[in-house]
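Peer 1: Quick note, the sequence shown lines up with residues 6 to 336 if you use the working numbering. The C-beta atom is built at its ideal place from N, Cα and C for all residues, glycine as well. Just so you know, these numbers come straight off a predicted model, no measurement behind them. What follows is a structure written as structure tokens; I'll ask about it next.
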Amino acid sequence: MELKENWLKQGYVDESISNIDNLEESFAKLKKEKNAVLMAHFYQDDLIQDIADFVGDSLALAQFAAKTDADIIMVAGVHFMGETAKILSPKKTVLVPDLNAGCSLADSCPPDEFEKFINQYPDHKVVTYVNTSAEIKALSDIVVTSTNAKAIVDSFPADEKLIFGPDRNLGNYINGITGREMILWDGACHVHEKFSLEKILELKKENPDAEILTHPECKKPLLMVSDHVGSTASLLNYSQSSSSNKFIVATEAGILHQMQLKSPDKVFIPAPPNDSTCACNECEFMRLNTMQKIYNALKYSWPTVEVEEDVRVKAVKPIERMLDISAKLEL
Ligand code: 13P
Ligand code: SF4
6 MELKENWLKQ GYVDESISNI DNLEESFAKL KKEKNAVLMA HFYQDDLIQD IADFVGDSLA
66 LAQFAAKTDA DIIMVAGVHF MGETAKILSP KKTVLVPDLN AGCSLADSCP PDEFEKFINQ
126 YPDHKVVTYV NTSAEIKALS DIVVTSTNAK AIVDSFPADE KLIFGPDRNL GNYINGITGR
186 EMILWDGACH VHEKFSLEKI LELKKENPDA EILTHPECKK PLLMVSDHVG STASLLNYSQ
246 SSSSNKFIVA TEAGILHQMQ LKSPDKVFIP APPNDSTCAC NECEFMRLNT MQKIYNALKY
306 SWPTVEVEED VRVKAVKPIE RMLDISAKLE L
């Protein structure tokens, strides 16, 4: 129990693990023995992406979690991604390497306050971004990711009144491209909000042939100077299909690994944040995951992600609605 409490507090790692010579190989063996799969978000360290069975954006990870026949789903991402996997596959063991891997955007939307907010608009449908707790999903009519948000909002009749939460930047962006006037919850991701428009424009001046690729969680002025706005998967696809050979990438820097793998001859420049001398912008929650913690989690089947059953049965409906629409639209 003491061990588990330590893990809960600080992402405990068994010291003997740091002495394992070839951790990747030992991990692959253990994964086979336990019939486990490792899925990783694009914002993970390069090595974690390289050893994962599946790498994708938030939508693709949810789709993968809903379909896998593994007994254990390991989520190298953040907690809400583990919760989504658990909600969709309640009989499976879902592991996250470090329970401290939260999300500032999910935290910007406390369930009790969000419930009071939506109760002010009883004639509105509630659309929420997947970056939320299970409790918020349980209060929602449908969940979206940045890959399918426009298509799902478009799927509502034009006169249907909508609330969108928690990301004000994504909500504003979707309002702009759909012509809707969704009522927005005032939340944001601290990583995407801190890109420096000034430094990005300087980079563009130095690299006039580069296209600016931006995630819609960023602020509007940055979206306005961008050549392409989209989810991580959309930015990755665009970087492959564009005739341009150089890109300034304004989202968490982990995505550059896949971009470079898919287009080895193209140049990818990470967009800088405004608060440091560092050239790129990383999510400290995503980066809590390490190879050691991943091995440790699988070895001890801990920490698990748990969702109260009454919350899960409410939360699964809006997620399944999202997956059904996405499947029909082949997203
Ligand atoms: P997507 O992978 O859906 O683009 O989301 C980005 C993100 O911020 C995940 O936390
Ligand atoms: Fe949350 Fe932002 Fe990190 Fe994504 S990048 S997990 S939205 S804090």
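Would a C-beta distance cut-off of 9 Å place K96 and A75 closer than the cut-off?
Peer 2: No.
Peer 1: Cutting at 7 Å between CB atoms, please list the residues of its own chain near A65, excluding the five before and the five after it.
Peer 2: Hits under 7 Å: A238.
Peer 1: Can you tell me whether A238 sits near ligand 1, meaning its C-beta is under 8 Å from at least one heavy atom of the ligand?
Peer 2: Checking every heavy atom of ligand 1 against the Cβ of A238, one is found closer than 8 Å.
Peer 1: Does the Cβ of D280 have 16 or more other Cβ atoms within 10 Å, making it buried, or fewer, making it exposed?
Peer 2: Result: exposed.
Peer 1: Using DSSP with H/G/I as helix, E/B as strand and the rest coil, what is M187?
Peer 2: Correct three-state label for M187: coil.
Peer 1: Under the three-state reduction of DSSP, which class applies to I299: helix, strand or coil?
Peer 2: Residue state, collapsed to three classes: helix.
Peer 1: Give the DSSP-derived three-state secondary structure of Y134 in the structure shown.
Peer 2: In this structure, Y134 counts as strand in the three-state DSSP scheme.
Peer 1: Under the criterion of a Cβ to heavy atom distance below 8 Å, does C108 qualify as lining ligand 1?
Peer 2: Result yes, Cβ under 8 Å from ligand 1.
Peer 1: For H129, does the three-state DSSP call read helix, strand or coil?
Peer 2: Looking at H129 - three-state DSSP - the assignment turns out to be coil, as it is neither helix nor strand.
Peer 1: Quick one: give me the first and last residue of the alpha helix (DSSP H) that I157 is part of.
Peer 2: Segment A154 to D159, the alpha helix (DSSP H) holding I157.
Peer 1: For R263 and N124, I'd like the C-alpha separation in whole angstroms.
Peer 2: As written in the sequence, residue 263 is Gln, which differs from the Arg given in the question. Rounded to whole angstroms, Q263 to N124 spans 42 Å at the Cα level.
Peer 1: Can you check whether the CB of T137 is closer than 9 Å to the CB of A111?
Peer 2: For A111 and T137, yes; Cβs fall inside 9 Å.
Peer 1: In chain order, which beta strand (DSSP E) runs of at least 3 residues are fully inside the segment 249-285?
Peer 2: Segments of the beta strand (DSSP E) lying fully in the segment 249-285: 251-255 and 272-275.
Peer 1: In chain order, what residues of the same chain have a beta carbon less than 7 Å from the beta carbon of V18, not counting five sequence neighbours either side?
Peer 2: Correct list, in chain order: Q297, K298 and N301.
Peer 1: Starting from the C-beta of L334, find all residues in its chain whose C-beta is less than 8 Å away, skip the five residues before and the five after it, and write them out in chain order.
Peer 2: The residues are N153 and A156.
Peer 1: Given 8 Å as the limit, tell me if E337 has its C-beta closer than that to any heavy atom belonging to ligand 1.
Peer 2: With the chain covering 6 to 336 only, the question about residue 337 has no answer from this structure.
Peer 1: Using DSSP's beta-bridge definition, name the partner residues of M291.
Peer 2: According to DSSP, M291 bridges with nothing at all.
Peer 1: Nearest-angstrom Cα distance between L293 and D164?
Peer 2: Near 43 Å, if we compare the C-alpha coordinates of D164 and L293.
Peer 1: Can you round the beta-carbon distance between I205 and A255 to whole angstroms, since I take them to be within the 8 Å contact cut?
Peer 2: I205 to A255, Cβ: 7 Å. Contact.
Peer 1: For G82, which three-state DSSP category applies?
Peer 2: Coil at G82, not helix or strand.
Peer 1: List, from N- to C-terminal side, the beta strand (DSSP E) runs of 3 residues or more that fit wholly inside the segment 36-97.
Peer 2: Here the runs fully enclosed are 41-46, 59-61 and 77-81.
Peer 1: In the DSSP output, what is I168 paired with across the bridge?
Peer 2: I168 pairs with V131 and I188.
Peer 1: Who are the Cβ neighbours of V312 in its own chain at under 8 Å, not counting the five residues just before and after it?
Peer 2: Cβ neighbours of V312 beyond the five flanking positions: E88, K91, I92, P95, A139 and A320.
Peer 1: Using 8 Å for Cβ pairs, my map puts T4 next to D146. What's the rounded Cβ distance?
Peer 2: Because the chain in this structure spans residues 6 to 336, residue 4 falls outside the shown range and cannot be described.
Peer 1: Would the segment 47-62 and the segment 223-230 be scored as touching if the rule is three or more Cβ pairs under 8 Å?
Peer 2: The segment 47-62 vs the segment 223-230: no contact.
Peer 1: Considering only C-alpha positions, which residue in the set K142, D172 and V318 is nearest to E222?
Peer 2: Nearest option by C-alpha distance: D172.
Peer 1: Which of the three DSSP states, helix, strand or coil, is assigned to T150?
Peer 2: Three-state result, T150: coil.
Peer 1: For the candidate residues C108, D103 and L144, whose alpha-carbon lies nearest to that of K121?
Peer 2: Of C108, D103 and L144, the residue nearest in Cα terms is L144.
Peer 1: Can you tell me which of Y305, T309 and N242 puts its alpha carbon nearest to the alpha carbon of L336?
Peer 2: Comparing Cα positions, the closest option is N242.
Peer 1: Pull up the distance between the alpha-carbon of C108 and that of K209, whole angstroms please.
Peer 2: C-alpha separation (whole angstroms): 30 Å.
Peer 1: Within 10 angstroms of the Cβ of Q68, are there 16 or more other Cβ atoms? Answer buried if so, exposed if not.
Peer 2: With 16 or more Cβ atoms within 10 Å of its Cβ, Q68 is classed as buried.
Peer 1: On a CA-only basis, which of N250, S246, D270 and F290 is nearest G259? Give me that one, please.
Peer 2: The residue with the shortest Cα to Cα distance from G259 is F290.
Peer 1: Can S94 be considered in contact with ligand 1, in the sense that its beta carbon sits closer than 8 Å to one or more heavy atoms?
Peer 2: S94 Cβ: outside cutoff for every heavy atom of ligand 1.
Peer 1: Looking at the secondary structure, which residues open and close the alpha helix (DSSP H) in which I324 lies?
Peer 2: Unbroken alpha helix (DSSP H) run through I324: E314 to K333.
Peer 1: Note the first and the last residue of the continuous alpha helix (DSSP H) segment covering L110.
Peer 2: L110 -> alpha helix (DSSP H) spans S109 to D112.
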